[in-house]
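>
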Amino acid sequence: MSSTRTLLSPAVLARPRGRAVYWTVFTGVVLLFALAFLFPVYWMVTGAMKSPDEVARTPPTLVPEDWHLGGYTDAWDLMELPAHLGNTLVQASGAWLCQLVFCTAAAYALSRLRPAFGGVILGGILATLMVPAQALVVPKYLTVADLGLLNEPLAIWLPAVANAFNLYLLKRFFDQMPRDVLEAAEIDGAGKLRVLWSIVLPMSRPVLGVVSIFALVAVWQDFLWPLMVFSDTGKQPISVALVQLSQNIPLTVLIAAMVIASVPMVALFLVFQRHIIAGISAGSTKG
Amino acid sequence: MQRPGPSPTWTTGHGAAGHGASSGHRTAPAFEVRPEQAPPPAGDRRRRRLADQGRAYAFLLGGLICFALFSWYPAIRAVVIAFQTYTPGADPEWVGTANFTRVVQDPEFAAAWRNTLTFTLLALLIGFAIPFLLALVLNELRHARAFFRIVVYLPVMIPPVVSALLWKWFYDPGAGLANEALRFLHLPTSNWSNGADTALVSLVIVATWATMGGTVLIYLAALQSIPGELYEAAELDGASLLQRVRHVTIPQTRFVILMLMLLQIIATMQVFTEPFVITGGGPENATVTVLYLIYKYAFLYNDFGGACALSVMLLLLLGLFSAGYLRLTRTDGETA
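Protein chains in written order, with the numbering used here: chain L, 4 to 290; chain P, 3 to 338.
(1) Look at residue 137 of chain P and residue 222 of chain P and say whether their C-beta atoms are less than 7 Å apart.
(2) Strictly under 7 Å for the Cβ-Cβ distance: is residue 8 of chain L near chain P by that measure?
(3) Alpha carbon to alpha carbon, how far is residue 210 of chain P from residue 52 of chain P?
(4) Thinking residue 165 of chain L and residue 73 of chain P are a contact (beta carbons under 8 Å), I'd like their distance in whole angstroms, please.
(5) Below 7 Å between beta carbons: does that hold for residue 128 of chain P and residue 208 of chain P?
(6) Nearest to residue 62 of chain P by CA position, among L:61, L:116, L:41, L:73, is which residue?
(7) Could you name the residues of chain P that residue 111 of chain L contacts, counting a contact when the two beta carbons are closer than 8 Å?
(8) Please compile the residues from chain L whose C-beta is within a distance smaller than 7 Å of the C-beta of residue 213 of chain P.
(9) Which residues bound the alpha helix (DSSP H) around residue 87 of chain L?
(10) To be precise: take each residue of the region 220 to 232 of chain L, compare its Cβ to all Cβ atoms of chain P, and keep it if any distance is under 9 Å. Which residues remain?
(11) If you draw a straight line from the C-alpha of residue 268 of chain P to the C-alpha of residue 135 of chain L, how long is it?
(12) Which class does residue 9 of chain L belong to by DSSP, given the choice of helix, strand or coil?
(13) Is the shortest distance between the beta-carbon of residue 246 of chain L and the beta-carbons of chain P less than 7 Å?
(14) On the CB-based measure, 16 or more other CB atoms within 10 Å of its CB, does residue 276 of chain P come out buried or exposed?
(15) Please name the residue in L:283, L:13, L:45, L:229 whose C-alpha comes closest to that of residue 87 of chain L.
(16) I'd like the ranges of any alpha helix (DSSP H) spanning at least 4 consecutive residues and lying wholly in the region 191 to 229 of chain L.
(17) In the DSSP assignment, what are the bridge partners of residue 86 of chain P?
(18) According to DSSP, is residue 267 of chain L part of a helix, a strand, or is it coil?
(19) Quick one, which of P:330, P:160, P:198 has its alpha-carbon nearest residue 287 of chain P's?
(20) So that I know if they touch, is there some Cβ in chain P lying closer than 7 Å to that of residue 27 of chain L?
(21) Of the residues P:326, P:296, P:290, which one's Cα is nearest the Cα of residue 121 of chain P?
(22) Any Cβ of chain P within less than 7 Å of the Cβ of residue 284 of chain L?
(23) Determine, using beta carbons only, whether residue 271 of chain P and residue 320 of chain P come nearer to each other than 7 Å.
(24) Three or more C-beta pairs under 8 Å: does that hold for the region 218 to 226 of chain L against the region 92 to 111 of chain L?
(25) Starting from the C-beta of residue 105 of chain L, find all residues in its chain whose C-beta is less than 6 Å away, skip the five residues before and the five after it, and write them out in chain order.
(26) Give me the Cβ distance between residue 296 of chain P and residue 214 of chain P, rounded to the nearest whole Å; I'm assuming they're in contact under 8 Å.
(27) Quick one: does residue 182 of chain P have its CB under 7 Å from some CB of chain L?
(28) Give a yes or no on whether the C-beta atoms belonging to residue 292 of chain P and residue 87 of chain P are separated by under 7 Å.
(29) Does the structure place the region 244 to 261 of chain L close enough to the region 44 to 60 of chain L that three or more beta carbon pairs sit under 8 Å?
(30) Does chain A have any CB closer than 7 Å to the CB of residue 30 of chain L?
(31) For chain P, find out if any of its Cβ atoms is closer than 7 Å to the Cβ of residue 156 of chain L; answer yes or no.
(32) Among L:55, L:63, L:62, whose alpha-carbon lies nearest the alpha-carbon of residue 72 of chain L?
(33) Alpha carbon to alpha carbon, how far is residue 226 of chain P from residue 131 of chain L?
(34) Could one say the Cβ of residue 242 of chain P lies closer than 7 Å to chain L's Cβ atoms, at least one of them?
(35) Is there contact here, the region 325 to 334 of chain P with the region 83 to 98 of chain P, by at least three beta-carbon pairs under 8 Å?
(36) For a contact defined as C-beta to C-beta under 7 Å, what are the partners of residue 217 of chain L on chain P?
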């Protein structure tokens, strides 16, 4: 595979003893990873299929004695999962759309349109990176309450736009676009919106993909903020509903609900894993 | 891999940021004066410039309103309310530093800070050393790389609430998997999240499990950018494996290590989901964190003044780390 030299030289690894050690370590790490990261997931998926009595038994069974799908169907009906999943979907997709529209427009303006005080505005936006988000959660809640947005999806959508990291990512990307292309379009009579729509956005597909994934994952995974702003049980996203309902529900049903809540994110990851992993690896270490 | 010398356009300060914003347009585009047109009269130009500004602000408007309402205003408001008695609907009343003194005298205050700092420290010990070692080993393995990367990142994609509930079930003193594993190894069982001494460590384990995928991947990328010649040269000089780690690997990844350390401090000091879901702050306040206490003040005691006083303290402390982080990424590497 990769031929670059690492801590160990290829020569050491080629020796019989080196090879033996390598394969021992390799097997060990595979087992460790399977045990530490895959097994809990397996345990969760199969745990939901055990009978209530089997799941509470000691010592536990590795494979369910009878496979019940009842846990999953009960979770779906009893915990009103379709409604909560639907809420989460509305919240996440709205946040994604708002972020894409408003952050892209703002980044384009800051990068290309020379607004007066653009530098001050950008400074103000970047300064919010220094403020830990969770520490501001209470005054933010009061502001949302004053605006009458409690229990509304807008309470998730609009604060999601105030994401300095994504906005800066977009601005940086727009900054690096070749000026000639954009100028050529303007000479041909394209307006600013047209340039953004027909030239800048198509060229920005990679960064828009990254921002989209970040936006979706962030909303789907968030807990504290939706816990605060959705007191109305019927409007809660799945993360909040799971915790609220976890007390009075049979264990197998709860576990099934946990699995169902994880499926969309895990599926998203498996489909886009190349991009997600490349994004994480490149994002923070281009030092 | 560090890039010494002047910082690139990635900047944070206000003045410097202004430079960044305008850098794309330092020279006037050549096409502004079209050949067939005479230069427009001054009034026209001013009108055009105004129209340009209007358009620029139209594009900015949505984002600007959101930042103003949900970032800038709450930051100011936190400081203001910290000095007020605040009840939604009623007129706020200035009370000086009464909120601060009341919050500090709360017996939970000391516990919350102690727990938060211990949690952060433990997270640094456990959640920092393990991913680094793991990345070090993974980088040497030449097979099944995709498998390792996907599997280690899998828990990160599981919603935090789900991983908290999952581990709560593992920690169950009766039928929990954690004690089952100890029994299998003939070790004494533990109270895990139910014991006052072990609860905090139990939460750190959950948080580490759930987030370490990202850290491992970032380390892995950093390790892969180390030039192989350095290892070769060190080996020729007779450096042993450990010496190579100490004198090549660690110095070469120093920037990433420091960056991740600051990020982790900032993140773990805001821990909320695990204590809320797994232990509810107990047993005996052993897992009440600062953010949890802020939540309690606001939503259990309806004391928004106290909640904001606590928020301001957390803000000040974390602001220091954030400033350090931004300084680091600005001077030492081009980060996006």
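Quick reminder that beta carbons are idealized off the backbone N, C-alpha and C, glycines included.
According to the data block:
(1) yes
(2) yes
(3) 53 Å
(4) 5 Å
(5) no
(6) L:116
(7) 61
(8) Correct list: empty, because the minimum Cβ distance to chain L is about 11 Å.
(9) 84 to 101
(10) 220, 223, 224, 225, 226, 227, 230, 231
(11) 7 Å
(12) coil
(13) yes
(14) buried
(15) L:229
(16) 195 to 198, 208 to 224
(17) P:96
(18) helix
(19) P:198
(20) no
(21) P:290
(22) yes
(23) yes
(24) yes
(25) 164
(26) That pair is no contact at about 26 Å.
(27) yes
(28) no
(29) yes
(30) This model lacks chain A altogether; the protein chains it does include are L and P.
(31) no
(32) L:55
(33) 32 Å
(34) no
(35) no
(36) What residue 217 of chain L touches in chain P: nothing, since even the nearest Cβ is about 12 Å away.
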